[in-house]
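Q: Encoded as structure tokens, here's the structure I'll be asking about.
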Amino acid sequence: MKYSIPRGTYDILPAESYKWQAVISSFRKIAGSFGYEEITTPIFEVAELFERSSGESSDVVQKEMYRFTDRKGREFALRPEGTAPVVRSYVENHLDVLSNRTKLYYIGPMFRYDRPQAGRFRQFYQYGIEFIGSDNPYYDAEVIAIEMLWLKDLGLKNLRLEINSVGCSSCSADYDTALREFFRPLLPQLCADCNNRFDKKPRRLLDCKVPSCKALRGSAPSQLDYLDEACKAHFAIVCEHLESMNIPYTINPGIVRGLDYYTNTAFEVIYEGLGAQNSLAGGGRYNGLIEQVGGKSIPAIGFAGGFERLLLALEHEKINFAEHKTPDAYLICLGDKARSGVMAYLNALRQNGLYVEYDPDKSSLKAQFKAADATNARFAIIIGDSEIEAGTVNLKNLKTGEQQSLPLDGGEVLLHIVQGQV
Ligand SMILES: [Zn+2]
Ligand SMILES: [Zn+2]
1 MKYSIPRGTY
11 DILPAESYKW
21 QAVISSFRKI
31 AGSFGYEEIT
41 TPIFEVAELF
51 ERSSGESSDV
61 VQKEMYRFTD
71 RKGREFALRP
81 EGTAPVVRSY
91 VENHLDVLSN
101 RTKLYYIGPM
111 FRYDRPQAGR
121 FRQFYQYGIE
131 FIGSDNPYYD
141 AEVIAIEMLW
151 LKDLGLKNLR
161 LEINSVGCSS
171 CSADYDTALR
181 EFFRPLLPQL
191 CADCNNRFDK
201 KPRRLLDCKV
211 PSCKALRGSA
221 PSQLDYLDEA
231 CKAHFAIVCE
241 HLESMNIPYT
251 INPGIVRGLD
261 YYTNTAFEVI
271 YEGLGAQNSL
281 AGGGRYNGLI
291 EQVGGKSIPA
301 IGFAGGFERL
311 LLALEHEKIN
321 FAEHKTPDAY
331 LICLGDKARS
341 GVMAYLNALR
351 QNGLYVEYDP
361 DKSSLKAQFK
371 AADATNARFA
381 IIIGDSEIEA
391 GTVNLKNLKT
401 GEQQSLPLDG
411 GEVLLHIVQG
421 QV
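The end of the sequence shown is residue 422 by our numbering, with every number in the run present.
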């Protein structure tokens, strides 16, 4: 019996892991410099959490969520996204009591039953930032800055930041009316989904993926023309902050959010050169979400992005983090006495952070030297029975051929290897 990986999932093999580690450590560094701290939640939650947060009629809940019933009949779901679990944890653990400004980030796998295609998987990995506790547009600009600084830190160019404002509940009501007026005469030509959403959520008609629906909405009214004074001012300040940070942006009124708890700023980061799947990250303000999942009414803003597309973008720009790990030293051991003490000796060096290779299946000096060369190790540490008796080891620089006898006690060997000398 041969087993294969489930469709829509993938292994991160060792050579790829270096890239992931480099990308993630850069994310942690940048987010940390803004005072954001990591939060890790379980990969499954009660299904209702996502029904409340994503909306029961959403595609995520209706078609894409992995649901299961446990042995006691409770309904759970593998998390399809990261914000709802973070907000659940924020409310449950009373994080608002610790500080009225909560800065969190997360990294981890998410799950959606979706048609697998380039850059899209059923188990995919996301990173996200959540700022909870203030409506100040400063923080809208801050979370955008984190994403942009990080992508810049990774070396990505060809980025485009698109922003929009979806207003608040009062100004979006006017907008919904304007949208209904615009779409009403088009209803016979629009798809069934659009017709279903027309009454309750006319904004959803703006993100319908059906090509004929897309073509019909070209001249639909823009939310930006329906913002009230407060929302207009909020958006203007976000734009000002972006300009003062020299972060270029374009305004795209097409960035809409289907759910009521989204307010004001919405944004997307696009990488040119990935074809249709070109969005690296997206986010926005969700002032209404925390209340919706059972907390107080606390304003918040965040974003999430996928690692798969990010890695594709890095590849596209030929940014390479892969490093083949070469040993600091290769231990060559001859004779029974030397071999019996070899593990303790290796441990002493490894505990000091050296990467030392050793192969107990190779016994001749020649085979061990050949193996050392094959690993590209810089040094060979040679211990034979005569060295054990004399209390010494030989340290050989495999690049220059220089060799030196040093005390068996690891201290000096370590120093020489770290300093790169013989
Ligand atoms: Zn408003
Ligand atoms: Zn449609």
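Glycine included, C-beta positions come from ideal geometry on N, C-alpha and C.
Please state whether the Cβ-Cβ distance between Leu-398 and Ala-367 is less than 8 angstroms.
A: For this step, residue 398 is matched to residue 398 along the sequence shown. For this step, residue 367 is matched to residue 367 along the sequence shown. Result no, Cβ atoms of Leu-398 and Ala-367 do not sit closer than 8 angstroms.
Q: Starting from the N-terminal end, write out each residue whose C-beta falls within a distance shorter than 6 angstroms of any non-hydrogen atom of ligand 2.
A: That gives Leu-190, Cys-191, Asp-193, Cys-194, Cys-208, Val-210 and Cys-213.
Q: Among Ile-332, Leu-406 and Ile-30, which one has its Cα closest to the Cα of Lys-152?
A: Taking the sequence shown and counting its residues from 1, the one referred to as residue 152 is at position 152. Out of Ile-332, Leu-406 and Ile-30, Ile-30 has the C-alpha closest to the C-alpha of Lys-152.
Q: Hey, is Ala-266 close to ligand 4, as in C-beta under 7 angstroms from one of its heavy atoms?
A: Inclusion of ligand 4 in the displayed structure is not the case, the ligand content consisting of ligand 1 and ligand 2 alone.
Q: Assign Thr-177 to one of two classes, buried (16 or more other C-beta atoms within 10 Å of its C-beta) or exposed (fewer than that).
A: As a first step, residue 177 is located in the sequence shown; it is residue number 177 there, counting from the start. Classification of Thr-177: exposed, given that the 10 Å Cβ count is below 16.
Q: Among Ala-390, Val-269, Lys-370 and Leu-190, which residue has its Cα nearest to the Cα of Cys-208?
A: Numbered from 1 along the sequence shown, position 208 holds the residue referred to as residue 208. Residue Leu-190 is the option with its Cα nearest to Cys-208.
Q: For the putative contact between Asp-174 and Thr-265, defined by C-beta atoms under 8 angstroms, what is the C-beta separation to the nearest angstrom?
A: The count along the sequence shown starts at 1 and reaches residue 174 at position 174. The count along the sequence shown starts at 1 and reaches residue 265 at position 265. So it is not a contact: roughly 19 angstroms between Cβ atoms.
Q: Using the beta-carbon count (16 or more within 10 Å), is Tyr-36 buried or exposed?
A: Within the sequence shown, numbered from 1, the residue matching residue 36 stands at position 36. Classification for Tyr-36: buried.
Q: Taking only three categories from DSSP, how would you classify Lys-337?
A: Indexing the sequence shown from 1 puts residue 337 at position 337. Lys-337: helix per DSSP, three-state reduction.
Q: Can you give me the C-alpha to C-alpha distance between Glu-402 and Val-23, rounded to a whole angstrom?
A: Position 402 of the sequence shown, counted from the first residue, corresponds to residue 402. Position 23 of the sequence shown, counted from the first residue, corresponds to residue 23. Whole-angstrom Cα-Cα distance: 38 angstroms.
Q: Between which two residues does the beta strand (DSSP E) containing Arg-160 stretch?
A: In the sequence shown, the residue the question calls residue 160 occupies position 160. Taken as a continuous stretch (DSSP letters only), the beta strand (DSSP E) holding Arg-160 covers 159-165.
Q: Return the first residue and the last residue of the alpha helix (DSSP H) that Ala-215 is part of.
A: Taking the sequence shown and counting its residues from 1, the one referred to as residue 215 is at position 215. Per DSSP, Ala-215 belongs to the alpha helix (DSSP H) from 211-216.
Q: Kindly indicate which residue of Val-269, Gly-335 and Ser-386 has the alpha-carbon position closest to the one of Ser-364.
A: Counting from one through the sequence shown, the residue named residue 364 turns up at place 364. Closest option to Ser-364, Cα to Cα, is Gly-335.
Q: Should the segment 272-286 be regarded as contacting the segment 294-303, the criterion being three or more beta carbon pairs within less than 8 angstroms?
A: They touch, by the three-pair rule.
Q: Report yes if the C-beta of Gly-284 is less than 7 angstroms from at least one heavy atom of ligand 1; otherwise report no.
A: For the purposes of this step, residue 284 is taken as residue 284 along the sequence shown, with counting starting at 1. Because no heavy atom of ligand 1 lies under 7 angstroms away, the Cβ of Gly-284 does not count as near it: no.
Q: CA-CA distance, Glu-181 and Glu-56?
A: The residue given as residue 181 occupies position 181 in the sequence shown. The residue given as residue 56 occupies position 56 in the sequence shown. Each residue's Cα considered, the two are about 26 angstroms apart.
Q: Just to confirm the assignment, what range does the alpha helix (DSSP H) spanning Pro-116 have?
A: Along the sequence shown, one-based indexing puts residue 116 at 116. No alpha helix (DSSP H) contains Pro-116, which DSSP labels as neither H nor E.
Q: Tell me which residues pass a beta-carbon proximity test against ligand 1: closer than 5 angstroms to any heavy atom, given in chain order.
A: Result: Gly-167, Cys-168, Cys-171, Asp-228 and Cys-231.
Q: With distances taken from CA atoms, which of Arg-120, Asp-96, Ser-25 and Ser-169 is nearest Ile-132?
A: Within the sequence shown, numbered from 1, the residue matching residue 132 stands at position 132. Measuring from the Cα of Ile-132, the nearest candidate turns out to be Asp-96.
Q: Which of the three DSSP states, helix, strand or coil, is assigned to Glu-240?
A: For the purposes of this step, residue 240 is taken as the residue at position 240 of the sequence shown. DSSP places Glu-240 in helix when its eight states are reduced to three.
Q: For Asn-397, list the residues DSSP reports as bridge partners.
A: On the sequence shown, position 397 is the one that residue 397 refers to. According to DSSP, which records beta bridges pairwise, Asn-397 is partnered with Phe-379.
Q: Taking only the alpha-carbon atoms, compute the straight-line gap between Ile-39 and Phe-321 and give it to the nearest angstrom.
A: What you label residue 39 is simply residue 39 of the sequence shown in a count that begins at 1. What you label residue 321 is simply residue 321 of the sequence shown in a count that begins at 1. Looking at the two C-alpha atoms, the distance is approximately 26 angstroms.
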